[in-house]
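This report refers to the structure that appears directly beneath it.
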Amino acid sequence: MDVASQVGANAGEDGRTPPEIPDFEMLRPVGRGGFGEVWLAGNRTTGQLRAVKLIRLRLPGQVDPASREIASLTRLEAGRGCRHPNLLAIHHVGKTDQYLFYVMDPADDVSGGPASNGPEYRPATLQARLEGKPLSAEACRDYATQLLAGLASLHQAGMVHRDVKPANCLFVDRKLKLADFGLVTDVHPLVSRIGTQKYMPPDGRMDMRADVYAAGLVIYEMISGLTVDEFPSLGPQVDRIRNDPALASLLQLSLHACERQPERRPEDARAMLAELTSPARMAEPSSRRHLFAAIGTVAVLGAAALGSWFFAFSHETRCDVNFVTEPYEARIYLDGVLQRGAEGNIYTTPCTIHDLVARRYRVEFEYPGQPRWQAGTYDLARTRQIVASPP
Amino acid sequence: MATSTRATLLERLRDGANALAWEEFFGHYWPLVYGFARRRGCSEHTAEEIVQDVMLAVFQHRDVYQYDPGRGRFRDWLGTVVRNKVAEHRRKPANRLHGAGGDSERGAVEEPAGEEDADEAWEAIFEQGLLLALLDVVRRESSARAYLAFELVTFEGLSGKEAGRLTGLSRNAVYKASRRILDRLVDLGAPYREEGRLVDRIKQALEARPSAAVRRSVTTRVQQTMGGR
Chain A
0 MDVASQVGAN AGEDGRTPPE IPDFEMLRPV GRGGFGEVWL AGNRTTGQLR
50 AVKLIRLRLP GQVDPASREI ASLTRLEAGR GCRHPNLLAI HHVGKTDQYL
100 FYVMDPADDV SGGPASNGPE YRPATLQARL EGKPLSAEAC RDYATQLLAG
150 LASLHQAGMV HRDVKPANCL FVDRKLKLAD FGLVTDVHPL VSRIGTQKYM
200 PPDGRMDMRA DVYAAGLVIY EMISGLTVDE FPSLGPQVDR IRNDPALASL
250 LQLSLHACER QPERRPEDAR AMLAELTSPA RMAEPSSRRH LFAAIGTVAV
300 LGAAALGSWF FAFSHETRCD VNFVTEPYEA RIYLDGVLQR GAEGNIYTTP
350 CTIHDLVARR YRVEFEYPGQ PRWQAGTYDL ARTRQIVASP P
Chain B
0 MATSTRATLL ERLRDGANAL AWEEFFGHYW PLVYGFARRR GCSEHTAEEI
50 VQDVMLAVFQ HRDVYQYDPG RGRFRDWLGT VVRNKVAEHR RKPANRLHGA
100 GGDSERGAVE EPAGEEDADE AWEAIFEQGL LLALLDVVRR ESSARAYLAF
150 ELVTFEGLSG KEAGRLTGLS RNAVYKASRR ILDRLVDLGA PYREEGRLVD
200 RIKQALEARP SAAVRRSVTT RVQQTMGGR
């Protein structure tokens, strides 16, 4: 579903009257894709605006799109990933005689304001934000972090999205939300090649690394303002990117994510997010990284005996953990200690903290000027992502 | 490589519902149509309208042109369609009103075309399209890092060290990749090799390529026109 592709007002999928959906007044279509439409709708009881996606239950001569969508939604609901702040929330799923429908938050207006019932309303998608212009380094990094955090939650739940692209990145309350879960499926070696062709990796495998590949292309589009057809050219943005370390580092992340051989890409969105939040690692040329890796391997092998001796005295396992709060920008305390990066900068959510000792911690968050609140005690040997909201 | 329009693509285009074939056709030909219209003095806005009109005309006449080498090239048939559309726009009263001078508010202006003959202009634009297609071939064959290193060194004039910093390759790897890709490009573009100006010609073609903003605008416009068909 390409939420950004606009269709004429007051024209349903069949070009006639708005469909009947229980409890909702269907206002007008705001997006259309291969298997359905998204309508702006008002809740008849509360008056709240919602986005309602409709998928016809039967389409002559086609595979049953609704059954695939239902399977995806069922997987999503069963997985933990469906509640992530960077995934578009689905509030309700239902059926009529003709349609499968599901109810979601409407995207902000492309102008940056909230969704409205006005005729000028256009859903704010990353695609609409791009419009042929590159984004600022700050926005690129922010959106990349949010996209990868949402995707990482799907990957952590063992699912792949299969249709990551700017048109499926919506803004709701100015936060990026990965949308359109119609192609979400479990990770499986035989996952079919489906999705948007331009964002598919050349190897054809549609696994987590394929989502990583697509995310790499989205980052490329943000930093260059160019379309995926032109990847990896930088066009007129060469000087801007080479003179901005943040953009140069995002370019390298994109190139890493879009390696031709899947095994050379980050293994999933979590690994990619970790790379994004670790710019020092990115600054090294890859050949040097490989050299270091080789030296490291030799060193590890050589130190094996020493390691086993060390292990007898220390059981410290290290891990990387994602911290996500709704809203963002919370400071993180582990056992009462404010978490800071190597350069002394304070970590704020959403972020990944690397190299933590994998043990139990009391986890607290704090927004500036507000009292600290406890999220709970977590065993980091078992938890790789902590998602919390203030009480 | 798209040195001639492949019969299979034309055959697939006859099936109006074959979205992938139409996307391939659009992706390859719209920059040529747009480039021709601009070269013939059309404003950006008018050139976008002409792309839209041409795509619609090809869609409507998809049964008329059948691949038959004996009946002439698709390039010539398309060239005729494009030239006619440009001429139609010239004849529009609104455009004639603005025709003598600068851009109107919407840019629907036909500035007088230069000395260049329309056939020559179409051939030149088509040649640029072929050169970009060559570049596309080597881009698809190469890893993204290697191709970007090649572009940065060959077209942007960056040093190996700087290209390496941006691509994450060592300086040596940048030079090796650039050399290998350039050799391959020269190999593919054999007719230009003798002139020794292949890189210059490609640079010109790259500079003449429509901007990303135009690309997005045209894509949206054509999607809206063709979407319901």
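Which chain is which? The protein sequence lines are A and B, in order.
Here the first sequence is numbered in numbering that gives the first Met the number 0, starting from 0 and rising by one per residue.
Here the second sequence is numbered in numbering that gives the first Met the number 0, starting from 0 and rising by one per residue.
Beta carbons: idealized from backbone N, C-alpha and C, even for Gly.
It should be emphasised that the depicted structure is a prediction, and the values quoted were computed from it without experimental measurement.
Below 7 Å between beta carbons: does that hold for residue i and residue j?
i, j, result
"B:K160", "B:R144", "no"
"A:G111", "A:F100", "no"
"A:L355", "A:V320", "yes"
"A:A357", "A:C318", "yes"
"A:Q155", "A:N85", "no"
"A:D104", "A:L150", "no"
"B:T166", "B:L147", "yes"
"B:V50", "B:V213", "no"
"B:K84", "B:V53", "yes"
"B:L130", "B:I180", "no"
"A:D238", "A:A136", "no"
"A:R204", "A:R264", "no"
"A:S388", "A:E328", "no"
"B:T219", "B:L55", "no"
Should residue i be counted as a contact of the ligand ATP given a C-beta to heavy atom distance under 6 Å?
i, result
"A:E36", "With respect to the ligand ATP, the structure offers nothing, as it holds no ligand at all."
Which word fits residue i, buried or exposed, when buried means at least 16 other C-beta atoms lie within 10 angstroms of its C-beta?
i, result
"A:G80", "The pLDDT assigned to A:G80 is 49, lower than 50, so where the model puts this residue is not dependable; a value taken from the coordinates is nonetheless given after this. Buried, since its Cβ has 16 or more Cβ neighbours within 10 Å."
"A:Q260", "exposed"
"A:V336", "exposed"
"B:R90", "exposed"
"A:P235", "exposed"
"B:S177", "buried"
"A:K164", "buried"
"A:G35", "buried"
"A:N344", "exposed"
"B:A189", "exposed"
"A:H83", "buried"
"A:K132", "exposed"
"B:A162", "buried"
"A:L251", "One point to set straight first is that residue 251 of chain A is Gln, not Leu, in the sequence displayed. A:Q251 comes out buried."
"A:T16", "exposed"
"A:P390", "exposed"
"B:S141", "buried"
"B:S158", "exposed"
"A:D378", "exposed"
"A:D162", "buried"
"A:R391", "The requested residue 391 of chain A is not part of the displayed model; chain A covers only 0 to 390."
"A:R330", "buried"
"A:H160", "buried"
"A:H91", "exposed"
"A:P231", "buried"
"A:P118", "exposed"
"A:S152", "buried"
Can you tell me the Cβ-Cβ gap for residue i and residue j, rounded? I've got them flagged as a contact below 8 Å.
i, j, result
"A:I222", "A:L254", "With a Cβ gap of about 11 Å, A:I222 and A:L254 do not count as contacting."
"A:T226", "B:A211", "6 Å"
"B:V81", "B:W121", "7 Å"
"A:I218", "A:C139", "7 Å"
"B:L12", "B:A20", "5 Å"
"A:V51", "A:V102", "5 Å"
"A:C257", "A:Y212", "6 Å"
"A:D107", "A:D179", "So it is not a contact: roughly 17 Å between Cβ atoms."
"B:L77", "B:L133", "The pair is not a contact, with the Cβ atoms about 20 Å apart (cut-off 8 Å)."
"A:Q97", "A:P18", "7 Å"
"A:Y360", "A:D334", "5 Å"
"A:Q338", "A:I352", "6 Å"
"A:G41", "A:L53", "About 15 Å; that fails the 8 Å criterion."
"A:E24", "A:R43", "6 Å"
"A:L125", "A:L87", "So it is not a contact: roughly 13 Å between Cβ atoms."
"B:D215", "A:E220", "It should be noted that the sequence gives Arg, not Asp, for residue 215 of chain B. The pair is not a contact, with the Cβ atoms about 10 Å apart (cut-off 8 Å)."
Determine whether the Cβ of residue i lies closer than 7 Å to any Cβ atom of chain D.
i, result
"B:S42", "Absent here is chain D; the protein component of the structure consists of chains A and B."
- Query: At a Cβ cut of 9 Å, what residues of the segment 117-136 of chain A count as close to chain B, listed as they run along the chain?
  - Reply: Listed by position along the chain: Q126, L129, E130, G131, K132 and P133.
- Message: What are the residues in the segment 143-177 of chain B lying within 8 Å of chain A by C-beta distance?
- Response: Listed in sequence order: A143, R144, Y146, L147, E150, L151, E155, L157, E161, G163, R164, L165, T166, G167, L168, S169 and A172.
- Message: Any C-beta of chain A within less than 9 Å: which residues of the segment 192-220 of chain B qualify?
- Response: Listed in sequence order: L205, R208, S210, A211, A212, V213, R214, R215, S216, T218 and T219.
- Anything in the segment 22-48 of chain B with a Cβ closer than 9 Å to a Cβ of chain A? List those residues in chain order, please. Identification of residues in the segment 22-48 of chain B having a C-beta nearer than 9 Å to some C-beta of chain A yields E22 and G26, given in sequence order.
- Message: Taking beta-carbon pairs under 7 Å, can you tell me which members of the segment 207-232 of chain A lie near chain B?
- Response: Against chain B - using a Cβ distance shorter than 7 Å - the residues of the segment 207-232 of chain A are G224, L225, T226, D228, F230, P231 and S232.
- Query: Of all the residues that make up the segment 238-251 of chain A, which are near chain B by a beta-carbon distance shorter than 8 Å?
  - Reply: Interface annotation for the segment 238-251 of chain A against chain B: I240, R241, A247, L250 and Q251, criterion Cβ-Cβ distance under 8 Å.
- Let me know the beta strand (DSSP E) ranges lying completely inside the segment 35-64 of chain B, each 3 residues or longer, listed in chain order. Annotation: the segment 35-64 of chain B contains no complete segment of the beta strand (DSSP E) (minimum length 3 residues).
- In chain order, which continuous runs of the alpha helix (DSSP H) of length 4 or greater are located wholly inside the segment 215-261 of chain A? Within the segment 215-261 of chain A, the complete alpha helix (DSSP H) runs of at least 4 residues are 237-241 and 244-256.
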